[in-house]
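Step one of this worksheet: look at the structure below.
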Amino acid sequence: MAAGPAGPAGPEGAQGHRRVVFWRHGRTRWNAELRFQGQTDIDLDDVGRAQADKAAALLAAVGPTRIISSDLRRARDTARPLAMLTGLDVSTDVRLRETFAGVWEGLTFEEISRDYPVEQMRWERDEPNVRAGGGETRTEVAERISSAVLEAVAELPAGGTLVVTSHGGAARVGLARLLGLPYESWGALAGLSNCNWSVLEETWRGAAASGHGPHWKLTEHNAGTLPEPLVAPVED
């Protein structure tokens, strides 16, 4: 479902519906080395900074209402060019961090597969209650991500657009939770390439029409200037 050359459509939400743009940070040295970053605070590399500038020029056309970001540098520095183009501030929230991966952080995915084969296999299968390197489960990450996003969405005006600058694994499970996908279907969502984005649009169907909070539909996934291949696992 990746988008073509253009950015997300139009600055106005359809019929006043709010939107959420999940935007993965740009590339880091550890991304290039295929290391599990988790919550280790790694800077963007030169490629990542160029990716952020390029993506920001497209996302500015969406007319963001608010920008929130993980407090890790690679996410904050990705959000900065968009903030400069739009004149918006960037609010940080620790709940938007990547999965805490315990002893896996800093290891390459090849090293994790070699040294923790059973745990790594269960993690890749999206089995519930598996802790990455003894750290968090995917469901724990999904809960904190979705809570942070819904709190920010509640402050948006009708037709407003929230840009959430976060991380590959965190964005994927946050999207799955907000879409209401059953856990066994979370693996159907591919991860985001560096500096690509996914868009949720509010819909009034179902429970949302009954006053039980917003429901969402996925209108773009892993979109960018052009779809780019995902060359590394997404937990970073």
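Just so we're aligned, residue 1 is where the sequence shown starts under my numbering, counting upward by one.
Positions of the beta carbon are idealized from the N, C-alpha and C atoms, including for glycine.
Bear in mind that the values here come from a model prediction, so they are computed numbers and not experimental data.
- Comparing alpha carbon positions, the residue from I112, A148, I145 and L82 closest to A132 is I112.
- DSSP places V130 in the coil class of the three-state scheme, outside both helix and strand.
- In the pairwise beta carbon analysis, the stretch 96 to 103 is classified as touching the stretch 138 to 150: at least three pairs are separated by under 8 Å.
- C-alpha of E110 to C-alpha of V20: approximately 34 Å in a straight line.
- Inter-residue distance for H25 and A61 is about 19 Å (C-alpha atoms, whole angstroms).
- Around the CB of A188, fewer than 16 other CB atoms lie within 10 Å, so the residue is classed as exposed.
- Cβ-Cβ separation between P64 and T86: approximately 6 Å, consistent with a contact (criterion under 8 Å).
- Counting only runs of 3+ residues, the beta strand (DSSP E) found wholly inside the stretch 72 to 101 occupies 90 to 92, in chain order.
- Rounded to whole angstroms, the Cβ separation of E105 and F36 is 6 Å, and the two are in contact under 8 Å.
- Membership of N222 in the beta strand (DSSP E) is indicated by the continuous run H215 to A223.
- Here DSSP, grouped into helix, strand and coil, assigns I42 to coil.
- In its chain, beyond the 5 residues on either side, W216 and L218 have a beta carbon closer than 7 Å to the beta carbon of L179.
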